[in-house]
């Protein structure tokens, strides 16, 4: 069965370190998204991609970067981790760009990051 | 933004019916989703409304009124396992706009 997986599921790091969260999907979806989820804020978009070599900033992109070198993967990098980036991170994917598709969003299991 | 509003938290009794509302302010969108998220888990798909009206799936129904900027999720015959957060979000040209979610507590 197709799926979307994230790793690591839990990570503790120190302020200033670089951290990369991996996201891999086997749906062959064009669209991939990274969200962070914090109490009281719901899901907030960090970065997204509509295809290989395409990346776009979301509403809370400062301090984060992504790259899309193939269809399956969208790694999220925290260049210099800060305590404010302690959160649960969800990767998601959906298919297509045409307006007629349902756009159903498939989520990974989440990565819980703690920055000390 | 799309200004999507949901109540923060609700409590209901096992076996009862509960309605979770979602209001939004936007000029247009492709469709509206409802997802369920248990604590510590990923959100999972419940329903998707494109046209106005009611979509029914077993114990869960979702309603959309575009003219009123309003949707609701109706849960019938509540079970303890329905204790979760319920996310309302809009889909518009490959972007998704989320509300903050409603935490539903089901008590015996």
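Residue numbers (the working numbering), protein chains in the order written: chain A, -19 to 96; chain B, 7 to 114.
All C-beta atoms in this analysis are idealised placements derived from N, C-alpha and C, irrespective of residue type, glycine included.
The structure presented is a predicted model; accordingly, all values stated were derived computationally and were not measured.
- Going by beta carbons, residue 28 of chain B and residue 78 of chain B fall inside the 8 Å limit.
- Considering only A:33, A:32, A:31, A:16, the residue with the shortest C-alpha distance to residue 25 of chain A is A:16.
- Put simply, the backbone Cα of residue 76 of chain B is about 12 Å away from that of residue 57 of chain B.
- When C-beta distances to chain A are compared with 9 Å, the residues of the segment 52 to 70 of chain B below that value are 54, 56, in chain order.
- Taken atom to atom, the span from the alpha-carbon of residue 13 of chain A to that of residue 85 of chain A is near 9 Å.
- Short of 7 Å from the beta carbon of residue 9 of chain A, and not among the five residues preceding or following it, lie these beta carbons of its own chain, in chain order: 73, 74, 75.
- Remark: fewer than three beta-carbon pairs, one from each stretch, lie closer than 8 Å, so the segment 36 to 55 of chain B and the segment 29 to 41 of chain A are not flagged as touching.
- Of all residues in the segment 30 to 60 of chain A, only 30 come within less than 7 Å of chain B when Cβ atoms are compared, listed by chain position.
- In the three-state reduction of the DSSP assignment, residue 87 of chain B falls in the helix class.
- DSSP places residue 31 of chain B in the coil class of the three-state scheme, outside both helix and strand.
- As summarised for the segment 7 to 89 of chain A, the continuous beta strand (DSSP E) elements at least 3 residues long and confined to that stretch are 11 to 18, 22 to 31, 34 to 37, 44 to 46, 56 to 58, 67 to 74, given in chain order.
- A buried status is given to residue -16 of chain A, since no fewer than 16 other beta-carbon atoms sit within 10 Å of its beta-carbon.
- Linking residue 107 of chain B to residue 10 of chain B through their CA atoms gives a straight-line distance of about 10 Å.
- In its chain, beyond the 5 residues on either side, -15, 52, 53 have a beta carbon closer than 6 Å to the beta carbon of residue 4 of chain A.
- If you look at residue -1 of chain A, you'll find it in the beta strand (DSSP E) that goes -1 to 5.
- By alpha-carbon distance to residue 0 of chain A, the top candidate from A:88, A:56, A:90 is A:56.
- Counting along the chain, the unbroken beta strand (DSSP E) around residue 53 of chain B starts and ends at 50 to 55.
- Residue burial annotation: residue 22 of chain B is exposed, with fewer than 16 other C-beta atoms found within 10 angstroms of its C-beta.
- Chain-ordered, the chain B residues with CB closer than 9 Å to the CB of residue 90 of chain A read 46, 47, 48.
- For residue 106 of chain B, the closest Cβ of chain A is nearer than 8 Å.
- In the three-state DSSP reduction, residue 58 of chain B falls in the coil class, being neither helix nor strand.
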